[in-house]
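Notes follow once the structure below has been shown.
Residue numbers (my numbering): 31 to 225.
Here you go:
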């Protein structure tokens, strides 16, 4: 009887552990030519190597006469689809003009609900060099103001965060005014310093 309990406990522990997949494993198995297939059954994509920790905090920098301030939080066990949970970053962004009387261009820093920031983690890139997030700014009819923000921190410079916004190119109805600009400048490297 004693051995039967040990075997059942071992089997339960093994099956529970097999349901956890690392962020790195998911990033690499989801690429076009994966080095290995994705696991068939998993319920938790976990930051087992604490990879997300280096992104957590407040970051600030200036680009093209605007101050970009970003706050990134690590959230664990976020429900993805009712079955799978994952660890991910949730972001908040404030953009203001420089000068004595700065104007607020965008600000969701005080949004208490993480699901309403429109700035949430998607996962590590397949080369494991950066982390991608979905961002959506204010809607202007006929224009696209959403896409992926890539976050990169080089090991040699852990206090500098490089952000790069790549807008989504969906088809939209209507004509976008030629004066429209995305909230985060598209295809530009913006460097922020950890505060």
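Note that beta-carbon positions come from the ideal geometry of N, C-alpha and C, so glycine has one too. Only a predicted model underlies this, so the values are computations on that prediction, with no experimental measurement involved.
Secondary structure at residue 56: helix, using DSSP grouped into helix, strand and coil.
The bridge partners DSSP lists for residue 164 are 150 and 178. Secondary structure of residue 158 (DSSP, three-state): coil. Ranking 107, 87 and 65 by CA distance to the CA of residue 100 puts 87 first. The residues 58, in chain order, have a CB closer than 7 Å to that of residue 64 in the same chain once the five nearest residues on each side in sequence are set aside.
For residue 147, the number of other beta carbons within 10 angstroms of its own is at least 16, and it is reported as buried. By the beta-carbon neighbour count (other beta carbons within 10 angstroms, threshold 16), residue 204 is exposed. The residues 136, 148, 175, 176, 212, 213 and 214, in chain order, have a CB closer than 8 Å to that of residue 167 in the same chain once the five nearest residues on each side in sequence are set aside. No Cβ-Cβ contact shorter than 8 Å links residue 114 with residue 164. In terms of CA proximity to residue 190, 90 leads the group 62, 61, 90 and 69. Straight-line spacing of the CA atoms in residue 106 and residue 118 works out to 7 Å. DSSP lists 97 and 134 as the beta-bridge partner residues of residue 126.
With contacts defined by Cβ atoms closer than 8 Å, residue 122 and residue 150 do not form a contacting pair. Setting aside the 5 residues that flank it on each side, residue 202 is surrounded in the same chain by 172, 173 and 174, each with a C-beta closer than 8 Å to its C-beta; the list follows chain order. Residue environment analysis places residue 110 among the exposed positions, since fewer than 16 neighbouring C-beta atoms fall within 10 angstroms of its C-beta.
Taking C-alpha positions only, residue 102 is separated from residue 158 by approximately 18 Å. Taken through DSSP and simplified to helix, strand or coil, residue 76 comes out as strand.
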